[in-house]
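Student:
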Amino acid sequence: MSEQAMAAPRRAAGTLVAVSAAILVTVILLAIGSPNPARALTSFFWGPFSNRFFFGNMIDTFGLLILVGLGVCAAFRAGVFNLGGEGQVYIAALTTAVVALSMPAAPAPIGILAATGAAVLVAALLAGLSGLFRWAWGTDELITSFLISAALVPTVNFLIVGPLRNPDSNLMTTVRVAGQFRFLRLLPPSTLNVSVGAAVLLAVLAHGFLFSTLRGYELRMTGLNREFARYGGVAVGAYTVLPMAVSGGFHGLAGAFFVLGTHHAAIEGFTAGLGWNGIAVALIGRNHPLLIIPAALVFAYLEAGSRVAGLQTEFTFELAAIIQAVIFFLITAEIVLPRLRRGRRERSAP
Amino acid sequence: MEPTPEPVLARMIVRMNNVSTWFAENQVLANDSVSLSIRSGEVHALVGENGAGKSTLMHVLSGYRPPTSGGIEIDGAAVRFTAPSDAIANGVVMVHQHPPFVPFFRVWENLALGTEWTTPIGTLDRTAAAAAIRRTAEKYGIAVDPDARMGRLAASRLHFVAVLGALLRAPRLLILDEPTAPCTEPEVDKLFAALRMLAADGIAVVLITHKLKEVMQIADRVTVMRAGALVATVDRRETTAAEIASMMLGEDCQITDLDRRILPSPPAATPRSTLELRDVTVHAGDLPVLDRINLTATSGTILGVTGIRENGLEFLEEVLSGTIAPDAGTILLNGIPVARYTPRHFRRIGISYIPTDRILRGSSMDSSVAENLILLHRKGLQRGGLLRRKAVEQFAEKLKRRYDIAGPLHQPMRRLSGGNIQKVILSRELSGRRLVVVFSEPSWGLDIRSRNRVYEEMDALRSEGAVVILISADIDEVLSMSDRIAVMFRGRVAALLEADERTRERIGELMLGVEREGADV
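Chains A and B supply the protein sequences, listed in that same order. The opening position of the first sequence corresponds to residue 194 in our numbering, with each subsequent residue numbered one higher. The opening position of the second sequence corresponds to residue 35 in our numbering, with each subsequent residue numbered one higher.
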């Protein structure tokens, strides 16, 4: 309700400094690492806006990043951590493809609902399992969600390149889903589709849930001080398992949209760190659903920039990865360090 | 505000000149041009109500917070502290009200932080650490086992360890913030003996406290603060407790004298409710920490439970709040065994509880005051799952007014002083109807006014016919507030004393497990 509002200007200034520093480092890296720095810089910063294709793809990524950011936020607000987003997105994408392919003649609403629902359910169950372990045995959900995810990725890889592979394609991919299931494209030839609207809407709904409902209040209290919530009669067990499941659900939705909206098939390795980027987006957005929207935009822009620069110049993909790492590092440092410092001061001087 | 004449001989070490501290976030002037001198070899008590600015002033002196204006001199030279380490380098060490520590580390490991007990290869040297700790502990008569795990120690012991840690830094000025709050009387005596020894060694000691009895017992000089300003610094021998109290509270405040309090007559008993503990047993490892406790508390009375810490009070608190389930035995409310031992269920059946740990259990420090206030009432403030913003505000505003909680409702809980935090907890717990209210150490660290407020609430609950249980290690508090007193010793109820058979001495003996010949308990 209020803690965000109060310190918001100061925090915003901090984030601005971090993002500026990240951009500065990017410029320096581009200048050093690219044989033609001027062209690389232009491609990086201007490229995402230079045509419909690049711009649309960036906005598509933006929508997916919102969803995974919300996924991380859902767990974090309840004081649990879902580190398995990557695997959850991936298996949800495969589930979507499999369900959609199994009913090629179904009418669009039924097929889309079934495929999306199955994806959300699978991801939610997997993440919820970690929550359940935590609740039942106190197992660290951070570790179990990570391990489950780590086991899922190669499993999904195997299914895509093995039994489910489209024999007619040179790519390691499944067959493309039937045309009626594909989301309406908004800026062809880019992958931007209507799902971006759903992502923004969900962020607004999540905000309303967290800050204006009874359950949202209970969830936040559990996250801020579990002992306090338990003492106040909040069913903290439920707020361990359910937020993990909801977190998985968001990742599942991202996976479903990734197939139905972006790629129309499950391709080996195509989630490429989307789950991990969700953590970065949630951090930049301070686990605040509305702030996750601009955070996802910043991250999508930087990712698009490095992709365009990689396509148009000699700028390598590794350099792009380094730049993303630097941005992630600077922004988390800006967020985590003051928090640590504050925590220390308060513990010693209450 | 007249300056006291300074004797020529006492070498003054620290002087604070016109120190002001302004908290911009909540628009509070915590220190208003305070000037104070502290001399070596004296025990200087700093007294005042919660929020009077004592702790803030000492945080400035110990480098935790820069003053907004004003300065500090040590031995005549101006100093500027930007961090506690600067203050420590100048011999100024502060022990906080809630000393921070690592629970799963041993005592010596906690104290090794920032010291140089290392072996030549850079690992921590346990032998050297333990020896240094033992040496200092023995010198000042503070018994602490260097190998004990921090998390297992009682609150008072934690404080002793923190004091010991401060002493290991060879202070010239030692600042203690409410060190006696969690202590039993023998522990207070021990601590004060150590402080006298320190003063005799030429160390200056500043003691922040609310307890006038302690001030009169140990202080050489007393500085009184009120609403951020320094009222006066006086010589203890030239003043009285009553004079200090009136300086602390201003002219118009009545104080309750615990020793002379007469318990109001019990109310006409209409709805009799009872809370009964039947053979309640709790084990920690193999040892019973609560051993077949049988107690019955009835409505319209206050059952006091006292004892030295680590004799079962803590576990009784946990069992009575549903935080832990007894390993054997039952708790019965109005003759019906409670179905589940969870705080949620206990709340549902009407057992309310004011916890000892107000920071970790009683509050969500990162949430607003309003969010802390509505915790128990949250279901009444929603419609269709949505919290009604206006109802939330009105409800919080009502509680805030009734209990004079300072500051705006939207500020985070962590900005509140200890007294105001307790007010938030009390107002939350006592709003609405409760069959049973369990108070655990309700007056720790509270000033006289807030303390009286707690006692008034307890009396009110008692006359309303609630079952009131007061768990407290403070003998005076238990003696003056309770209808009956249970004394705990080694996990058992050593005795249950009725009004006519209790004295401080008798309770003290029972707490310490002294067997009295021919006494039938």
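Yeah, the Cβ is synthetic: ideal placement off N, Cα and C, and Gly gets one too. All values derive from a computational prediction rather than experimental measurement.
Please state whether the Cβ-Cβ distance between B:Leu210 and B:Val129 is less than 9 Å.
Tutor: yes
Student: Determine whether the Cβ of A:Leu559 lies closer than 9 Å to any Cβ atom of chain B.
Tutor: No information on residue 559 of chain A is available, as it lies outside the stretch 194 to 543 that chain A covers here.
Student: Any C-beta of chain A within less than 7 Å: which residues of the segment 123 to 157 of chain B qualify?
Tutor: His130, Gln131, His132, Pro134
Student: On the DSSP letters alone, give me the boundaries of the beta strand (DSSP E) that B:His557 sits inside.
Tutor: With chain B running from 35 to 555 in the structure shown, residue 557 of chain B is simply not present.
Student: Quick check: what's the CA-CA separation for A:Leu446 versus A:Leu490?
Tutor: Spanning the two alpha carbons is a distance of roughly 19 Å.
Student: Give the range of the alpha helix (DSSP H) segment to which A:Phe237 is assigned.
Tutor: 230 to 243
Student: Less than 9 Å between the beta carbons of B:Val339 and B:Ser477, yes or no?
Tutor: Cβ atoms of B:Val339 and B:Ser477: not closer than 9 Å.
Student: Quick one: give me the first and last residue of the beta strand (DSSP E) that B:Pro322 is part of.
Tutor: 321 to 332
Student: Terminal residues of the continuous beta strand (DSSP E) containing B:Ala238?
Tutor: Taken as a continuous stretch (DSSP letters only), the beta strand (DSSP E) holding B:Ala238 covers 238 to 243.
Student: Does A:Leu453 have its Cβ less than 9 Å from a Cβ in chain B?
Tutor: no
Student: Do you know how far the Cα of A:Gln505 is from the Cα of A:Gly441?
Tutor: 36 Å
Student: Are A:Leu403 and B:Leu420 closer than 9 Å when you measure CB to CB?
Tutor: Not closer than 9 Å, so no.
Student: Put A:Thr406 into one of helix, strand or coil per three-state DSSP.
Tutor: Strand at A:Thr406.
Student: Can you give, in chain order, each stretch of the alpha helix (DSSP H) that sits fully within the segment 446 to 519 of chain B and has at least 4 residues?
Tutor: Here the runs fully enclosed are 452 to 464, 482 to 497, 509 to 515.
Student: Within the same chain, show all residues whose beta-carbon is closer than 8 Å to that of B:Ile541, passing over the 5 residues directly before and after it, in chain order.
Tutor: Thr340, Ile509, Val512, Leu513, Ile519, Val521, Leu531
Student: Relative to the C-alpha of B:Thr214, which residue among B:Arg435, B:Leu246, B:Ala234 is closest?
Tutor: B:Leu246
Student: Near B:Asp400, what residues of its chain come up, given a Cβ to Cβ distance below 8 Å and the 5 sequence neighbours on each side ignored?
Tutor: Excluding five sequence positions before and after B:Asp400, the CB atoms of its chain that fall closer than 8 Å to its own CB belong to Pro446, Met447, Arg448, given in chain order.
Student: Between the segment 457 to 473 of chain B and the segment 86 to 97 of chain B, can you find at least three pairs of beta-carbon atoms closer than 8 Å?
Tutor: no
Student: With 8 Å as the limit, tell me which residues of the segment 375 to 391 of chain A have their beta carbon closer than that to any beta carbon of chain B; keep them in chain order.
Tutor: If you check each beta-carbon in the segment 375 to 391 of chain A against every beta-carbon of chain B, none falls closer than 8 Å.
Student: Select from A:Phe339, A:Met437, A:Arg369, A:Thr288 the residue whose C-alpha is nearest the C-alpha of A:Trp469.
Tutor: A:Phe339
Student: So the candidates are A:Leu319, A:Gly304, A:Ile303; which of them puts its Cα closest to the Cα of A:Gly278?
Tutor: A:Leu319
Student: Just to confirm, are B:Asn328 and B:Phe523 a CB contact at a threshold of 9 Å?
Tutor: no
Student: Which residue's Cα is closest to the Cα of B:Arg468: B:Ile482, B:Leu367, B:Ser484?
Tutor: Nearest C-alpha to B:Arg468: B:Leu367.
Student: Look at the Cβ atom of B:Leu264, then the Cβ atom of B:Ser69, and state whether they are nearer than 9 Å.
Tutor: Less than 9 Å divides the Cβ of B:Leu264 from the Cβ of B:Ser69.
Student: Closer than 9 Å, Cβ to Cβ, to anything on chain A: give me those residues from the segment 386 to 397 of chain B, in chain order.
Tutor: Shown in chain order are the members of the segment 386 to 397 of chain B whose Cβ falls below 9 Å from a Cβ of chain A: Tyr387, Pro389, Asp391, Ile393, Leu394, Arg395, Gly396, Ser397.
Student: Just list the alpha helix (DSSP H) runs in the segment 271 to 296 of chain A, keeping only unbroken ones of 4 residues or longer that don't cross its boundaries, in chain order.
Tutor: 278 to 295
Student: For B:Asn52, does the count of other Cβ atoms within 10 angstroms reach 16, so buried, or fall short, so exposed?
Tutor: exposed
Student: So B:Pro377 contacts chain A; which residues on that side make the cut at Cβ distance below 7 Å?
Tutor: Arg423, Tyr424, Gly426
Student: Can you tell me the Cα-Cα spacing of B:Val178 and B:Leu187, whole angstroms?
Tutor: CA-CA distance, B:Val178 to B:Leu187, rounds to 10 Å.
Student: Measure from the C-beta of A:Thr406 to each C-beta in chain B and report whether the shortest distance is under 9 Å.
Tutor: yes
Student: By Cβ distance, which residues of its chain are closer than 6 Å to B:Asp181, with the 5 residues on each side in sequence left out?
Tutor: Within the same chain, Cβ atoms closer than 6 Å to the Cβ of B:Asp181 are found at Arg140, the five residues on either side in sequence being excluded.
Student: Out of A:Ala268, A:Leu377, A:Glu420, A:Val501, which one is the CA nearest neighbour of A:Gly454?
Tutor: A:Leu377
Student: Does any CB atom of chain A fall closer than 9 Å to the CB of B:Glu405?
Tutor: Answer yes: the Cβ-Cβ gap between B:Glu405 and chain A drops below 9 Å somewhere.
Student: Is it the case that the segment 299 to 316 of chain A contacts the segment 358 to 375 of chain A, given that we only count it when at least three CB pairs across the two stretches are under 8 Å?
Tutor: yes
Student: B:Asp400 lies in the alpha helix (DSSP H); which residues open and close that run?
Tutor: In the DSSP assignment, B:Asp400 falls outside any alpha helix (DSSP H), carrying neither H nor E.
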